[in-house]
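Residue 1 is where the sequence shown starts when you use this note's numbering, and the numbers rise one by one after that. Here a beta-carbon is modelled for each residue, glycine too, at the ideal position from N, C-alpha and C. Below you'll find the structure, written out as structure tokens, and then a few comments.
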Amino acid sequence: MSQMTESMAAAAPERTPAGPGTVAETAAEQHRQAREVYHRISANIARVMQGQAAATRKLLAALASGGHVLLEDYPGTGKTTLAKALARSIAARFKRIQFTPDLLPSDILGVSVFSQRDQLFHFHEGPVFTNILLADEINRASPRTQSALLEAMGEGQVSVDGQQRELADLFFVIATENPVEFRGTYPLPEAQMDRFAMQFSLGYVQSADEVAILTAQEHNHPLTHLQPVASLTEVVALKRAAGDIRMSEELKRYTVELVSATRTAPGVQLGASPRASLALMKAAQALALFDGLEFVTPDQIQELAVAVIAHRLVMEPQARFSGLTARAVVEEALRKVKVPV
Ligand SMILES: Nc1ncnc2c1ncn2[C@@H]1O[C@H](COP(=O)(O)OP(=O)(O)OP(=O)(O)O)[C@@H](O)[C@H]1O
Ligand SMILES: [Mg+2]
Numbered sequence: 001m002s003q004m005t006e007s008m009a010a011a012a013p014e015r016t017p018a019g020p021g022t023v024a025e026t027a028a029e030q031h032r033q034a035r036e037v038y039h040r041i042s043a044n045i046a047r048v049m050q051g052q053a054a055a056t057r058k059l060l061a062a063l064a065s066g067g068h069v070l071l072e073d074y075p076g077t078g079k080t081t082l083a084k085a086l087a088r089s090i091a092a093r094f095k096r097i098q099f100t101p102d103l104l105p106s107d108i109l110g111v112s113v114f115s116q117r118d119q120l121f122h123f124h125e126g127p128v129f130t131n132i133l134l135a136d137e138i139n140r141a142s143p144r145t146q147s148a149l150l151e152a153m154g155e156g157q158v159s160v161d162g163q164q165r166e167l168a169d170l171f172f173v174i175a176t177e178n179p180v181e182f183r184g185t186y187p188l189p190e191a192q193m194d195r196f197a198m199q200f201s202l203g204y205v206q207s208a209d210e211v212a213i214l215t216a217q218e219h220n221h222p223l224t225h226l227q228p229v230a231s232l233t234e235v236v237a238l239k240r241a242a243g244d245i246r247m248s249e250e251l252k253r254y255t256v257e258l259v260s261a262t263r264t265a266p267g268v269q270l271g272a273s274p275r276a277s278l279a280l281m282k283a284a285q286a287l288a289l290f291d292g293l294e295f296v297t298p299d300q301i302q303e304l305a306v307a308v309i310a311h312r313l314v315m316e317p318q319a320r321f322s323g324l325t326a327r328a329v330v331e332e333a334l335r336k337v338k339v340p341v
């Protein structure tokens, strides 16, 4: 893998355009290259995932904006496959943790082991020291183990035996959970849901796409011959380019109004925090980059609002019984809050 990273990075085109380009031209060229990386990864994932273009776009927006994703859906809807397809598309370190009730925090973070030979403790890195981490079926582990991962996600570092250790610059967690299983599962604590920039489901695809799934796997699984199409360096540049995209004061206010509307909405016990507003801005910047824009428009904010905000809301018990969902609260905010022109 690391060899691949180097060779792909070496093959990457020159970042600065020829001639005496202005700063703006150079930035525009970097954005064009970043967009091209996005399209390459997205097309590669589409070789495996049928009918999931919108979900792939959100997943890549989270990746490009430095957020983590929680995929929640019924068994067999392609969650693990999507995560693996993304991981295979990037020449970076990838680890998968299958969460089980007996998993310990040290199985995620790592342990210090005493060596008889040199009479010293040596740290053995856990799977969290990687670039892309698939935390599969996260709600099957105990809350203590879940929070070890969630803290690492929030801090970008872990502390083991009183020592801080930095995680990689590109550290992207895709966690999956299954909503139908309640027995033997531990729902993520609400406060921890806030650590995920986005949560969304994949849903069942249309029949034609499902037929395409069968055709694609008639002889073997398309994942088996999926090759990396982007280097780690290119993905880091993609993140940097997303952060360059501008957002006007009006749209910042619009973002904050959408998020704060959830705090006073009927049926909501706990609304979304400024962390949600930030995540919405950053993910919208990434989508604008993907769309070839130099600045965010209301479209990107609206496309992402439910995925970024809904999972952070704690609904009142009565609201839950009457069928009012967090998604409906966000959709209502989208209808109510005036869109800047
Ligand atoms: N949209 C899709 N495109 C391509 N393959 C799909 C799609 N949906 C499901 N599949 C295929 O269905 C099978 C099951 O998918 P996968 O294991 O990713 O599901 P999952 O959501 O992780 O399920 P579980 O919750 O049980 O772990 C895989 O072979 C996968 O390739
Ligand atoms: Mg799975």
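Q.
Using a Cβ-based criterion (distance less than 6 Å to any ligand heavy atom), does G243 qualify as near ligand 1?
A. no
Q: On the DSSP bridge assignment, give the partners of I132 in chain order.
A: I132 pairs with F94 and F172.
Q. What do you reckon, is the C-beta of T185 under 6 Å from a heavy atom of ligand 2?
A. Residue side-chain check: T185 keeps its Cβ at 6 Å or more from all non-hydrogen atoms of ligand 2.
Q. If you drop the 5 nearest sequence neighbours on each side, which residues of the same chain put their C-beta closer than 7 Å to that of T215?
A. none
Q. Taking the alpha carbon of P298 as the point to measure from, which residue in R335, Q269, S112 and H31 has its own alpha carbon closest?
A. R335
Q) So, are the CB atoms of I97 and P75 less than 7 Å apart? A) no
Q.
On the DSSP letters alone, give me the boundaries of the beta strand (DSSP E) that L167 sits inside.
A. Segment: none, L167 is in no beta strand (DSSP E) and carries neither H nor E.
(Q) Quick check on the burial criterion: 16 or more other C-beta atoms within 10 angstroms. Buried or exposed for Q206? (A) Exposed, by the Cβ-count rule.
Q. Terminal residues of the continuous alpha helix (DSSP H) containing M153?
A. Element bounds for M153: P143 to E155.
Q.
Quick check on K58: buried or exposed, where buried means 16 or more other Cβ atoms within 10 Å of its Cβ?
A. Buried.
Q) At a cut-off of 6 Å, is T80 close to ligand 2 when judged by its beta-carbon and the heavy atoms of the ligand? A) Yes.
Q. With 16 other CB atoms within 10 Å as the buried threshold, where does G110 fall?
A. buried
**Q.** Backbone CA spacing between G323 and Q217 [nearest angstrom]
**A.** Looking at the two C-alpha atoms, the distance is approximately 39 Å.
Q) Based on Cα-Cα distance, which residue from R93, M193, R117 and T325 lies nearest to L150? A) M193
Q: May I ask which residues mark the beginning and end of the beta strand (DSSP E) holding H124?
A: L120 to E125
Q. In terms of residue numbering, what span does the alpha helix (DSSP H) encompassing Q318 cover?
A. P317 to F321
Q) To the nearest angstrom, how far is it from the Cα of A9 to the Cα of E234? A) For A9, the predicted structure reports a pLDDT of 42, less than 50, and the residue's modelled location is therefore unreliable. A value from the coordinates is still provided. Their Cα atoms are separated by approximately 7 Å.
Q | C-alpha gap between L223 and A87, whole angstroms | A | 11 Å
**Q.** Bounding residues of the beta strand (DSSP E) (the contiguous stretch that carries M198)
**A.** M198 to F200
Q.
Restricting to runs no shorter than 3 residues, where is the beta strand (DSSP E) found entirely within the segment 206-238?
A. The segment 206-238 contains no whole beta strand (DSSP E) run of 3 or more residues.
Q. Between T77 and ligand 1, is the CB less than 6 Å from at least one heavy atom?
A. yes
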